[in-house]
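Novice: Mind having a look at this structure? Questions to follow.
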Amino acid sequence: MSITPETIKTVQSLDKYEAGFVTEIESEFAPKGLNEDIIRFISAKKNEPEWLLDWRLKAYRHWLDMPEPQWAKVTFPAIDYQDAYYYAAPKTAAQPKSLDEVDPKLLETYKKLGIPLREQEMLAGVAVDAVFDSVSVVTTFREKLHKAGVIFCSISEAVQKYPELVQKYMGSVVPYTDNKHACLNSAVFTDGTFVYIPAGVRCPMELSTYFRINEAKTGQFERTLIIAEKNSYVSYLEGCTAPKRDENQLHAAVVELVALDDAEIKYSTVQNWYPGDAEGKGGIYNFVTKRGICKGARSKISWTQVETGSAITWKYPSCVLQGDDSVGEFYSVALTNNLQQADTGTKMIHLGKNTRSRIISKGISAGRSNNTYRGLVRISHKAENARNYTQCDSLLIGDQCGAHTVPYIENKNPTATLEHEATTSKIGEDQLFYCRQRGIPDEEALTLIVNGFCREVLQHLPMEFAVEAQKLVAISLEGSVG
Amino acid sequence: MSSATAKESFMPAPAQNAAALPWLAETAAIEKDKAVNWVKALRATGAESFARTGLPTLGWEGWQYTNLRPLSSVKFHYSADAAVFDASRLPAPLLDSYRIVVVNGQYQPKLSSLPKSVTVQSLMDAATGHAQGLEDALVRVGDLAQVPLVALNSAYLRDGFVLNVAKNADVDKPVEVLFFNTGNDAAIYPRVLYRLAENSGATIIERHLGMGSYFTNIYTAIAQESASRLRYYRAVNESGNSFHINMAAVQLQKNAQFEGFSMATGGKLTRQEYQLQLLDKDVCCSIGGVYLINGQESHDFTVLADHFEPGGKSAQHFRGVLDDQARTVFQGKIYVRRSAQKTDGYQSHHALLLAPTAEASAKPELEIYADDVKCSHGATSGQIDPVALFYLKSRGIPEQAAKALLAEAFINEAIEQVTLEPLRELHRARAAQWLAERHT
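Protein chains in written order, with the numbering used here: chain A, 281 to 762; chain B, -8 to 431.
Shown next as structure tokens:
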């Protein structure tokens, strides 16, 4: 698909980061800082049951003594956890019943971002859950999904309506003890998305969540929980943006996926948090823990991610392949420019027999950025005939950036077959010359070549996202040639 | 978190580590001898650093897969006394070669024979004789807190030797360096320095052998001046009760050529670490290795190829066969600095697992800051291809023999890299013998 005219227009008309505006909307904050009272405040605001508050407090107490993970190849000054708001919500009346009740300013924001909440209500398409700062503002297509038996709502709502499901699964894939960022999230998470696909149901449409950080000095801590019962299927998309600000904001999310027998979950992310300016000022710290468990036999979890935003990305969407014959996939494009730092990859933990995993990672570094692929493939003693294929390719644009590959491969079963390949290269002069010769300007040629380099991954995205991802790649690369 | 890099973060708190202190208990024994001031200073720095860090644990980056706990379960003793042994029982040289004999870390001049173009001195003789550039070469070991075993080796800086190859010399025969260890729970800390002057060439074959229980912790420094050529081979066949830790720091100047190959077939725990520094333009180096391990043995190859300047080539090719509960680790890294354009780096590791309880871990890493480079790596691990096995069996070859044949072919592909033909044949024969022992 050609994106050329559109790309030119976007690149010309934009001050690079299109989502960098602020919505003037009255918000309600929790007091600044982090302590047990703040957690009680959040829990009370959300009218949560006792067990959840206990769980949050347990996580908080554990968090206090937990060391920061330091193994990633990223550097940043210490985070002052007390200098942030842990709860910010747009001041609106009660939970809106339909889009008409939603604050028009919010709808306007999403429209500007190209998330057509209202249009999509008309056209059959994607069901969206929009999360604004700390809370979910609207979820579309409830009716239709409800008919199919699919539960798609904010996690706060799920806590009220389906407490038994939430209690059973929340923290079962990513326990609060997992790492410092996930632990913080467990203590202070404010909202997120809950999806439940009953047995035998193929979700009738793509589900989508759009995350937006709006207020200054807020962190966003959302939790997503997706449960696919036996023989079900769901495709879920996630997108994110934030305004341009000079300070760094923390985004520490947790995503948990559970796939039971024969179920399949496809999870796609286009991450475009504000990356900071050309001098590396500002931007989001994206410290995210994403993990799925293929609990049932023949289940499948597939992660696809396009990471173009954030000052720092620290993210390893993983698969625990517990059920026999289960499949894990990871397709990733990570693009860094200016002073961005990305340390991202995956973990494939093979526990069951005949489990298979596939990792395709494309890293692109430009400007003065650093881009690291870090991945683990672990074959346990019992994982007979496990199979892994890993391919990591890095592309360097300019001589001031860095591209790194750090795979960890652990095999405890000789019947397993593991293959790993990696390459690092730059854009060929001959490729650029070929394009120039045909009258294609440098910038556009670069986009063309990079999109070709990422094709293998982009084609795994749902169509709407694939187009957006290509545009993002183009915008993110702006200024990296000539 | 401070603006710490991943590396710095593993620096332990500056307190003393109680578990480290027994390791340093015998440092006083070497202080009785006379030594020049910088040697004393280096010993003190090493001891101080090791006292803070202790042995690396599984939490250290670079040590996740090699557990040194078994090392602490034996009480090893350092002895400064002259080694007692029966010279007639030392093994004969592998090939027609010159020879250097080192027993329990101590250089034995009487048993050594060398050509004119090569000079060898014990480390302490070289130090007291103010050998040119020696202090600089020995002190330059980087941050000791990152390499505790080098720190420990420095704390006992005394044994080992310095070898110099004269300018423009081409040593006509290989130099065999026999490291022989006599056991008795000895802790052995040799330090070896090979220096090749401008435009010189040499072949060194190190053999590491021993009996009984011991711990040998070697630090090898190789300094190659411009246009020098070194073939540096190792055959590590330590006793079944031994621990062998070896760190080799190789510094290569302009147009230098380095060919390294190591064959490891024994030892309870072996770790061979190579740090190749391609300091100037157009350096060409290759490092390869083969390990054949079984029982409870574990082997670790850790390699860093650090490219400083443009036009460097580095290749890493490793293969190994594991049986029983053996464990292997391969950690390879190609590091390309901003200035090292036109670098060509390659790295591969292939492990063949013969038993369901064997374990192979690999971490092939690339860290690249220059854009006009070609770097790639490949890593595989798995069992013998059942299709190939079936093919051989269908032609009447018994299963065990067929397996050995396939494993041999697999391993020979790595042995191929050895350019010294007689040694290559010996390695092949050793591999075949090892595999035959597995199936009888």
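All residues carry an ideal CB built from backbone N, CA and C; glycine is no exception.
Quick check for students: name the residue ranges of the alpha helix (DSSP H) that lie wholly in the segment 47 to 111 of chain B, counting only runs of 4 or more.
Specialist: Qualifying alpha helix (DSSP H) stretches, in chain order: 60 to 63.
Novice: Between the segment 278 to 311 of chain B and chain A, which residues of the former have CB atoms less than 7 Å from a CB of the latter, in chain order?
Specialist: Those would be none; no residue qualifies.
Novice: If we ignore side chains and look at the alpha-carbon of each, how far apart do residue 344/B and residue 375/B end up?
Specialist: By 1-based counting over the second sequence, the position of residue 344/B is 353. By 1-based counting over the second sequence, the position of residue 375/B is 384. Rounded to whole angstroms, residue 344/B to residue 375/B spans 8 Å at the Cα level.
Novice: Where does residue 304/B land, buried or exposed, given buried means 16+ other C-beta within 10 angstroms?
Specialist: As a first step, residue 304/B must be located in the second sequence, where it is residue number 313. The residue is buried, with at least 16 neighbouring Cβ atoms inside 10 Å.
Novice: Between 577/A, 526/A, 539/A, which lies nearest to residue 556/A when the distance is taken from Cα to Cα?
Specialist: In the first sequence, the residue the question calls residue 556/A occupies position 276. Out of 577/A, 526/A, 539/A, 526/A has the C-alpha closest to the C-alpha of residue 556/A.
Novice: Do residue 532/A and residue 480/A have their C-beta atoms closer together than 9 Å?
Specialist: Numbered from its first residue, the first sequence carries residue 532/A at position 252. Numbered from its first residue, the first sequence carries residue 480/A at position 200. No.
Novice: Answer with buried or exposed for residue 327/A, where buried requires no fewer than 16 other C-beta atoms within 10 angstroms of its C-beta.
Specialist: Start at 1 with the first residue of the first sequence, and residue 327/A comes out as number 47. Answer is exposed; the Cβ neighbour count stays below 16.
Novice: Using 8 Å as the threshold, is the segment 695 to 714 of chain A in touch with the segment 666 to 676 of chain A, meaning 3 or more CB pairs across them?
Specialist: Enough Cβ pairs lie closer than 8 Å, so yes.
Novice: What is the DSSP secondary structure of residue 705/A, reduced to helix, strand or coil?
Specialist: Counted from its first residue, the first sequence places residue 705/A at position 425. Residue state, collapsed to three classes: strand.
Novice: Let's see if you can read the secondary structure: which residues bound the beta strand (DSSP E) around residue 321/B?
Specialist: Counting from one through the second sequence, the residue named residue 321/B turns up at place 330. Here the beta strand (DSSP E) through residue 321/B covers 318 to 327.
Novice: Closest to residue 152/B by CA distance: which of 191/B, 110/B, 137/B, 178/B is it?
Specialist: Along the second sequence, one-based indexing puts residue 152/B at 161. Answer by Cα proximity: 110/B.
Novice: Measure how close the beta-carbons of residue 502/A and residue 470/A come, nearest whole angstrom, since I'm counting them as under 8 Å.
Specialist: Taking the first sequence and counting its residues from 1, one reaches residue 502/A at position 222. Taking the first sequence and counting its residues from 1, one reaches residue 470/A at position 190. Going by Cβ atoms, the distance from residue 502/A to residue 470/A rounds to 7 Å, so yes, they are a contact pair.
Novice: Residue 239/B and residue 142/B - do their beta-carbons sit closer together than 9 Å?
Specialist: For the purposes of this step, residue 142/B is taken as the residue at position 151 of the second sequence. For the purposes of this step, residue 239/B is taken as the residue at position 248 of the second sequence. No; because the gap between Cβ atoms is not below 9 Å, this pair is not in contact.
Novice: Can the beta-carbon of residue 95/B be found less than 9 Å from the beta-carbon of residue 173/B?
Specialist: Looking up residue 95/B in the second sequence gives position 104. Looking up residue 173/B in the second sequence gives position 182. Yes; because the gap between Cβ atoms is below 9 Å, this pair is in contact.
Novice: Is there at least one Cβ from chain B nearer than 9 Å to residue 404/A's Cβ?
Specialist: The sequence position of residue 404/A within the first sequence is 124, counting from 1. Confidence is the limiting factor: at residue 404/A the pLDDT is only 38, short of 50, which leaves the residue's position unreliable and the question unanswerable from this model.
Novice: To the nearest angstrom, how far is it from the Cα of residue 418/B to the Cα of residue 426/B?
Specialist: Indexing the second sequence from 1 puts residue 418/B at position 427. Indexing the second sequence from 1 puts residue 426/B at position 435. Whole-angstrom Cα-Cα distance: 12 Å.
Novice: My parser needs the alpha helix (DSSP H) runs of 4 or more residues fully inside the segment 367 to 395 of chain B; what are they?
Specialist: For the segment 367 to 395 of chain B, whole alpha helix (DSSP H) runs of length 4 or above, ordered along the chain, are 377 to 385.
Novice: For a contact defined as C-beta to C-beta under 7 Å, what are the partners of residue 556/A on chain B?
Specialist: Working through the first sequence from its first residue, we reach residue 556/A at position 276. Result: empty, since nearest Cβ-Cβ is about 16 Å, beyond 7 Å.
Novice: Would the segment 375 to 395 of chain B and the segment 217 to 234 of chain B be scored as touching if the rule is three or more Cβ pairs under 8 Å?
Specialist: Short answer: they don't touch.
Novice: Just checking: is the beta-carbon of residue 465/A within a distance shorter than 9 Å of some beta-carbon in chain B?
Specialist: Here residue 465/A refers to the residue found at position 185 when the first sequence is read from its first residue. By this cut-off, residue 465/A is not an interface position.
Novice: For residue 508/A, write down the residues that DSSP places opposite it in a beta bridge.
Specialist: Taking the first residue of the first sequence as position 1, residue 508/A is located at position 228. Answer by DSSP bridge pairing, in chain order: 477/A, 539/A.
Novice: In chain A, what lies closer than 8 Å to residue 363/B by C-beta?
Specialist: Numbered from 1 along the second sequence, position 372 holds the residue referred to as residue 363/B. Correct list: 679, 706.
Novice: Count the other CB atoms, across all protein chains shown, that sit within 10 Å of the CB of residue 743/A; report buried if there are 16 or more and exposed otherwise.
Specialist: Residue numbering aside, residue 743/A sits at position 463 when the first sequence is read from its first letter. So residue 743/A ends up on the exposed side.
Novice: So which residues of chain A does residue 380/B contact, with C-beta pairs closer than 7 Å?
Specialist: Residue 380/B sits at position 389 when you count from the first residue of the second sequence. None at all; the shortest Cβ gap to chain A is about 13 Å.
Novice: In angstroms, rounded to a whole number, what distance separates the CA positions of residue 671/A and residue 611/A?
Specialist: Translated into positions along the first sequence, residue 671/A becomes position 391. Translated into positions along the first sequence, residue 611/A becomes position 331. If I take the Cα positions, the gap works out to 10 Å.
Novice: Using a Cβ cut-off of 9 Å, which residues of the segment 364 to 398 of chain B contact any Cβ in chain A, in chain order?
Specialist: Of all residues in the segment 364 to 398 of chain B, 364, 365, 366, 367, 368, 369, 370, 371, 372, 373, 374, 375 have a Cβ within less than 9 Å of some Cβ in chain A.
Novice: Answer with buried or exposed for residue 409/B, where buried requires no fewer than 16 other C-beta atoms within 10 angstroms of its C-beta.
Specialist: To locate residue 409/B, count along the second sequence from 1; it is residue 418. Under this definition residue 409/B is a buried residue.
Novice: For the beta strand (DSSP E) containing residue 14/B, name the first residue and the last one.
Specialist: Position 23 of the second sequence, counted from the start, is the residue given in the question as residue 14/B. Careful: residue 14/B lies outside any beta strand (DSSP E) and carries neither H nor E.
Novice: Please identify, using Cβ separations under 8 Å, the residues of the segment 351 to 367 of chain A that lie next to chain B, in order along the chain.
Specialist: Going along the segment 351 to 367 of chain A in chain order, one finds 351, 352, 353, 355, 356, 357, 358, 359 with a Cβ nearer than 8 Å to chain B.
Novice: Could you name the residues of chain B that residue 232/A contacts, counting a contact when the two beta carbons are closer than 9 Å?
Specialist: Lying outside 281 to 762, the shown extent of chain A, residue 232/A is not represented and no answer is given.
Novice: Any C-beta of chain B sitting closer than 9 Å to the C-beta of residue 630/A?
Specialist: As a first step, residue 630/A is located in the first sequence; it is residue number 350 there, counting from the start. No, because no Cβ of chain B sits closer than 9 Å to the Cβ of residue 630/A.
Novice: Within its chain, find whatever has a CB closer than 6 Å to the CB of residue 160/B; leave out the 5 residues flanking it on each side and keep chain order.
Specialist: For the purposes of this step, residue 160/B is taken as the residue at position 169 of the second sequence. So the qualifying residues of the chain are 108, 191.
Novice: Is it the case that the segment 679 to 688 of chain A contacts the segment 719 to 735 of chain A, given that we only count it when at least three CB pairs across the two stretches are under 8 Å?
Specialist: Too few Cβ pairs lie closer than 8 Å, so no.
Novice: Provide the residue span of the alpha helix (DSSP H) that contains residue 425/B, from first to last.
Specialist: Reading the second sequence from its first residue, position 434 is the one you call residue 425/B. It spans 412 to 429 - the alpha helix (DSSP H) in which residue 425/B sits, taken as one unbroken run.
Novice: Assuming residue 566/A is part of the beta strand (DSSP E), what are its boundary residues?
Specialist: Your numbering for residue 566/A matches position 286 in the first sequence. It spans 563 to 574 - the beta strand (DSSP E) in which residue 566/A sits, taken as one unbroken run.
Novice: Helix, strand or coil for residue 318/A per DSSP?
Specialist: Here the question's residue 318/A lines up with position 38 in the first sequence. Looking at residue 318/A - three-state DSSP - the assignment turns out to be helix.
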